Amino acid sequence: MQGRSYLAGLVTGVVVTAVVGVVGMSVAAARAAQAPTMAKAADKMTAPAVKVLLENNQVRVREVTFAPGTGDTHTHPYAHVGVILTKGQLAFQNPGEKEEVVSFEAGSVGFREAKVTHLARNPGQTPMKVIEVEVK
């Protein structure tokens, strides 16, 4: 695994690495057991607002606004750099792991690998705005 947050290896979060053999099966089983919990939690939330600012064959740039209490479980199709535009907090949960709440300052930058599934939500009282630059 890389980092524990967007700041230490992002949007800022934990990167789940494929595990081979018996360990891989154990991780997959833990993820499968946790998936309904994450999905159930995400079902109770409104998804963040996503606006595509630019898209071409090489990149996609998105502005993601997490209003207080919003969030969802999603998989990033592309590796991306996240730039935090507003001070606040985001909570992240990977399958089979505990939720981690991360505080951000405006201008913070992080990286997240492609194909990572996680629950991301805003536990704070103020909106969180992030620019994601995804490399295709």
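Be aware that the sequence shown starts at 161, since it is given in my numbering, and climbs by one per residue.
We put the beta carbon where it would ideally sit given N, CA and C, even for glycine.
Source: prediction; values computed, not measured.
If you draw a 10 Å sphere on the C-beta of GLU215, you find fewer than 16 other C-beta atoms in it, and that means exposed. For MET288 and THR246, the gap between their C-alpha atoms comes out near 6 Å.
Residue state for MET288 is assigned as strand, using DSSP reduced to three classes. Under the three-state reduction of DSSP, HIS240 is assigned to strand. Within the DSSP bridge table, the entry for THR277 names THR235 as partners.
Here GLY229 is actually not in contact with VAL290; their C-beta atoms are around 16 Å apart, not less than 8 Å. In its chain, beyond the 5 residues on either side, GLY248 have a beta carbon closer than 6 Å to the beta carbon of THR286.
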